[in-house]
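A.B. asks:
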Amino acid sequence: MNILTRKAMALLEKPLLKAGTVLAVRAWAPATFYEIDLHLPDTDMSNWQSVQHMKCKVAEATYRDYTPAGWDAETRTCTLYIDTAHDGAGSRWASSLAQNDTIYHVGIASALHKPVADHTLLCLGDSSSLGHFLALQQLAAPDAAITGAIAFTSQAHTHLFTEYFRLPLTALTATTAQQQQQLSAWLNRQNFPNNTTAYITGHIPTAQQLRRQLRQRKDMSGSIKVNGFWS
Ligand SMILES: Cc1cc2nc3c(=O)[nH]c(=O)nc-3n(C[C@H](O)[C@H](O)[C@H](O)COP(=O)(O)OP(=O)(O)OC[C@H]3O[C@@H](n4cnc5c(N)ncnc54)[C@H](O)[C@@H]3O)c2cc1C
């Protein structure tokens, strides 16, 4: 990008940028997955009725979407769960953050997924989906039935998820290339009750394949909601 384009971008984004503060950063071991607690003073979270996504500035003129989870409308805080096991601007940004850093975003909007009353929530995706599934759990009724599977690339991360999260999903360990097959095999082993709504997120080709697979199931009568994150 030349200097003129950079200056034009800076002028254009300036009125849109909103600031937040990093309250804490927790790296999972190995450090290829991060939990980032944020304070977003300009964000009214009290009316969030669906999963949200936040467009963060991760480098000059570069933005990535992340999913706020575990929000507290009173304190205007939330947590991002970010996979950094690959090389990318978003990965580099997330793994560089430290307590008291200022972050910038250009807005938070609905990702259009929300729980359906009296339906079982079926969640399927890779680790980039953790925030999305936690947000669905937060929005669901306390007694809502939740099932599904989430695939991590590290066995240690699978253990951490199982030990520390009260999200009733089966944690799978598989390389990125094997995740589609693992999630698909998990799906084949399940029976679904009436009134199940599926939420499939993460790697786009995997999400599309899982949707095709679910559509062929006679016991899947509810809707199948897909939100592809990366390819
Ligand atoms: C609505 C929405 C919500 C999202 N929420 C989250 C979230 O909560 N947490 C989160 O981690 N991501 C989330 N994402 C994905 C995120 O926006 C970025 O696409 C992702 O982090 C990759 O950005 P990057 O700059 O690190 O890599 P890029 O520069 O975009 O990609 C670099 C390389 O890494 C590969 N890659 C990208 N992501 C992954 C991955 N997760 N695993 C393995 N390889 C990958 C790409 O295929 C590419 O080859 C969301 C995306 C959308 C659209």
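Following UniProt numbering, the numbering of the sequence shown begins with 1 at its first residue and continues without gaps. Glycine is no exception: its CB is placed at the ideal position from the N, C-alpha and C atoms. This one's a predicted model, so the numbers in the text were calculated from it and none came from an experiment.
(1) Relative to the C-alpha of K14, which residue among A111, D118, W71, K57 is closest?
(2) For T170, report the span of its beta strand (DSSP E) as first-last.
(3) Under the three-state reduction of DSSP, which class applies to Q208: helix, strand or coil?
(4) Beta carbon of V58: closer than 8 Å to some heavy atom of ligand 1?
(5) How about S128 and D83: are their beta carbons less than 9 Å apart?
(6) Write down the C-beta distance between D42 and K18 rounded to the nearest angstrom, noting that I regard them as a contact closer than 8 Å.
(7) Taking W93 as part of the alpha helix (DSSP H), name the residues at either end of that continuous run.
(8) DSSP three-state label for M9, please.
(9) Does the beta carbon of H86 fall short of 8 Å from some heavy atom of ligand 1?
(10) Need the endpoints of the beta strand (DSSP E) that H105 sits in, please.
(11) Does the Cβ-Cβ distance between L97 and Y34 come in under 9 Å?
(12) Within this structure, are the beta carbons of L121 and T201 separated by less than 9 Å?
(13) Who pairs with H203 in a beta bridge, going by DSSP?
(14) When every heavy atom of ligand 1 is checked, does at least one fall within less than 8 Å of the C-beta of G202?
(15) Taking the alpha helix (DSSP H) that residue 258 falls in, what are its first and last residues?
(16) In terms of residues, what are the limits of the beta strand (DSSP E) holding L23?
(17) Three Cβ pairs or more, each shorter than 8 Å: is that satisfied between the segment 130-150 and the segment 22-30?
(18) Between G125 and L183, is the Cβ-Cβ spacing less than 9 Å?
(19) On the criterion of 16 or more Cβ atoms from any shown chain inside 10 Å, does K225 qualify as buried, or is it exposed?
C.D. replies: The structure says:
(1) Minimum Cα distance to K14 is reached at K57.
(2) In the DSSP annotation of this structure, the continuous segment of the beta strand (DSSP E) that includes T170 starts and ends at 170-173.
(3) Looking at Q208 - three-state DSSP - the assignment turns out to be helix.
(4) Relative to ligand 1, the nearest heavy atom lies less than 8 Å away from the CB of V58.
(5) In contact: S128 and D83 (Cβ atoms closer than 9 Å).
(6) Taking the Cβ atoms as the reference, D42 lies roughly 5 Å from K18, within the contact range of under 8 Å.
(7) Per DSSP, W93 belongs to the alpha helix (DSSP H) from 89-96.
(8) DSSP places M9 in helix when its eight states are reduced to three.
(9) For ligand 1, at least one heavy atom lies less than 8 Å from the Cβ of H86.
(10) Run containing H105: 102-110, per the beta strand (DSSP E) assignment.
(11) Yes, Cβ-Cβ distance for L97 and Y34 is below 9 Å.
(12) No. Outside cutoff.
(13) Residue pairing from DSSP places H203 in a beta bridge opposite W230.
(14) Taking 8 Å as the cut-off, one finds at least one heavy atom of ligand 1 near enough to the beta carbon of G202.
(15) Only positions 1 to 231 of the chain appear in this structure, which leaves residue 258 out of reach.
(16) Where L23 is concerned, the enclosing beta strand (DSSP E) stretches over 18-27.
(17) With the cut-off at 8 Å, the segment 130-150 and the segment 22-30 do not touch.
(18) Cβ distance < 9 Å, so G125 and L183 count as in contact.
(19) A buried status is given to K225, since no fewer than 16 other beta-carbon atoms sit within 10 Å of its beta-carbon.
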